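Have a look at the structure below before the remarks.
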Amino acid sequence: MILIHLRKFKNWVVWSWTYLWAFWFLLVVFVLYYLRGPLKISENIGMATMFLSTLTPKFYVALTGTSSLISGLILIFEWWYYRKYGTSFIEQVSLNHLGPLLGPQDYNGNTNGEANGNATSPSQTQSTQECKVWRNPMNLFRGAEYLRYFNQMKKEPLTFYDMNLSAQDHQTFFTCDSDANRSEYSIMQTAWRERNPQERVNGAKAALEKNPDCATAYILLAEEDACTIVESEKLLKQAMKAAESNLRKSQLSQPHGGNGDNVLRRDINVLIYIKRRLAMCARKLGRLKEAVKMFRDLTKEVQPIMSVLHVHENLIEALLEMQAYADVQAVLAKYDDGSVPRSAALCYTSALLKVRQVSEKFMTESGLIKRSLSASEMNAIEAIHRAVEYNPHVPKYLLELKPMVFPPEHLLKRGDSEAVCYVFFHLQHWKRVDGALQLLACTWEGTFASIPRPLEKGNLFFPYPPCTECPDREILPAHHEVSVFPERETPFFIMFTAGLCTFTALIAFLTHQYPDQMAIVAKTVVGWMSLPVIYIMDKLENLLPASFLQILSRV
């Protein structure tokens, strides 16, 4: 039972006890060393005291100075490791090497399942905590939007890591093995990998010169060369005509099986991608009904690319813009069965709909205190707590406590990048509901009371993954201050080592300045520390025979 309780404590508490036990072990070894002779315990202690009395002040100066130097070096190394990796080196070693010696542990604090009743296994828990990067379903157009931001702010909105992930996506869905013998597609394979935007555009134009029906070339031009959404839409309509023509040819002329299926799958992916971007253009140009119809049609597709695009989030956002809240609720009910991965858009939209029913009563913070809460109000607050537990970075952006940046092309579930992508498009929907942000401001911090150790145990979801910070820093631009949850506290061993270094340095200085007085203090402290040991060993001498102690001393 002791080990079970120790596993629930923080690592620094466990290791503090470890250091205490190590100290007492060394003390016992010291005592047993003096027990090897035939002298009494009191006589051995007397010899130790005589030995200490012969030491000169230079010894104490050297001892404390060496201790201060060693602890200072450990402090520097610990601080460097913490700044680079975000954790203490000693704690990391304890978890990876010495922790398994205590026996099997459940670091998540779950035994039979989560609080929501779903059975879990170690493999499922590990898979949910993997930091998988997803494509942003609301990603902007590089030429018409990201480029305009760069020209205005002189800051890069996208990182190379983010753009490289997009290039890999394009190569995966827009190319196949049969393209090796077709020059236009070979040019496009190279164009997707180019780092220079102008080189990518030149590659797309070269591909169109070889084949005017190269749909992927039109896609690249619409994404990066068009300066406005209207121009992007025109290019995408040309790409759609080419994609439909290519799809008909592949359905009629290509034999099924092998490379024929690969070409057909590629052409279907290209057509679906174009339809989605055309629907996004209609949404940006204010044609909401047309955009909603196109998004609804796309949600009926069952192609593998749909697992990447997450069109249902585009549909939800367009319906919110139309203020068709009943339709939004129907979409949420359709996708709340676990058929699609959870996301901030699903959790916070569900909370917004419940808040909308009661938000008018909470125009001020005092509305929460004057009376007891009804069932619908409790449901709204619980929905906020559920959403905040899933992604705790969102409220600060919604409440405009943290500056926003342009959303990246990829995001990390439950991370700061997902919060940026969600709030960039949904802040206006929260502002449109009177009192929604006031209710959020009053209640969102109460979530953390139910998850005091979010990295170890969750309330409604799996424990918060500790690996979100590094991918977020690679996805989000350098000028953005990445939000970290939970806020990192200075590890115990850094504070312990800093205190030890300061203490030993102070003793070394005092010993050098006042050697005689510090020698008296050292002898007094050693005498006080030896009193419990003398008392315990005298009691053992009275209880145990002398022969037993002599045998024990020879072990």
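For the sequence shown, counting from 1, position 196 maps to 1124 in the numbering used here; every step adds exactly one. Just so you know, even glycine gets a beta-carbon here, dropped at the ideal spot from N, CA and C. These numbers were taken from a predicted model, which means no experiment stands behind them.
Between the beta-carbon of A1207 and that of L1226 there is about 7 Å, and that keeps the pair under the 8 Å contact cut.
Counting only the Cα atoms, A1246 lies some 31 Å from A1132. In the displayed model, V1061 falls within a strand according to three-state DSSP. Runs of the alpha helix (DSSP H) lying entirely within the stretch 1309-1358, each at least 4 residues long, are 1322-1326 in chain order. The Cβ atoms of V1361 and L1280 lie closer than 8 Å to each other. Fully contained in the stretch 1221-1263 are the following alpha helix (DSSP H) runs of length 4 or more, in chain order: 1234-1237, 1239-1249 and 1253-1263. The alpha helix (DSSP H) runs lying completely inside the stretch 1137-1182 and spanning 4 residues or more are 1143-1148 and 1157-1181, given in chain order.
By the criterion of a C-beta distance shorter than 6 Å, V1220 is surrounded in its chain by A1246, once the five residues flanking it on both sides are discounted. Membership of C1275 in the alpha helix (DSSP H) is indicated by the continuous run A1272 to V1286. Around the beta carbon of A1258, fewer than 16 other beta carbons sit within 10 angstroms, so the residue counts as exposed. Annotation: D1105 is outside any alpha helix (DSSP H) and is labelled neither H nor E by DSSP. Measuring C-alpha to C-alpha distances from Y1201 to each of M1066, L1340, Q1445 and Y1009 identifies M1066 as the nearest.
Scanning its chain for C-beta atoms nearer than 6 Å, with the 5 sequence neighbours on each side dropped, one finds around L1365 the residues W1358, in chain order.
Excluding residues up to 5 positions away in sequence, A1119, E1122, L1148 and E1152 lie with their Cβ nearer than 7 Å to the Cβ of R1128 in the same chain. For C1370, the enclosing alpha helix (DSSP H) has its first and last residue at A1364 to T1371.
Within its own chain, the residues whose Cβ lies closer than 6 Å to the Cβ of Y1263, once the five positions on either side in sequence are excluded, are H1240, listed in chain order. Around the C-beta of Q1166, 16 or more other C-beta atoms lie within 10 Å, and the residue is accordingly described as buried. Separation of V1158 and F1069 (C-alpha to C-alpha, rounded to the nearest whole angstrom) is 12 Å.
DSSP places P1269 outside both helix and strand once states are collapsed to three, so it counts as coil. Between Q1117 and Q1096, the beta carbon gap of about 12 Å keeps them out of contact (Cβ cut-off 8 Å).
Using a Cβ distance threshold of 8 Å, L1340 and D1265 do not count as a contacting pair. Burial of S1411 is indicated by the presence of at least 16 other C-beta atoms within 10 angstroms of its C-beta. Within the same chain, Cβ atoms closer than 7 Å to the Cβ of L1216 are found at A1246, E1249 and M1250, the five residues on either side in sequence being excluded. Scanning its chain for C-beta atoms nearer than 8 Å, with the 5 sequence neighbours on each side dropped, one finds around K1083 the residues Y1077, P1405 and H1407, in chain order. Cα atoms of E1373 and L1388: separation of roughly 16 Å, rounded to the nearest angstrom. With a 10 Å radius around the Cβ and a threshold of 16 neighbouring Cβ atoms, M1222 comes out buried. G1455 counts as exposed, since fewer than 16 other beta carbons sit within 10 angstroms of its beta carbon.
Non-local beta-carbon contacts of R1224 in its own chain, meaning distances under 7 Å to residues more than five positions away in sequence, involve L1243 in chain order. In this structure, the beta-carbon distance from Y1350 to A1261 does not fall below 8 Å. Contact between C1104 and V1191 holds: CB atoms are separated by about 6 Å, below the 8 Å threshold. Segment contact: the stretch 1326-1336 against the stretch 1377-1386, fewer than three CB-CB distances shorter than 8 Å; contact not assigned.
A distance below 6 Å between beta-carbons, with the five flanking residues on each side excluded, links F1353 to the following residues of its chain, in chain order: M1066 and E1245. Nearest to P1414 by C-alpha distance, out of L1383, I1403, Y1442 and C1429, is L1383. For the pair S1178 and D1195, the CB atoms are nearer than the 8 Å cut-off. Between H1321 and W1062, the gap from beta carbon to beta carbon reaches 8 Å or more. Per the coordinates, the alpha-carbon of R1110 lies some 51 Å from the alpha-carbon of K1324.
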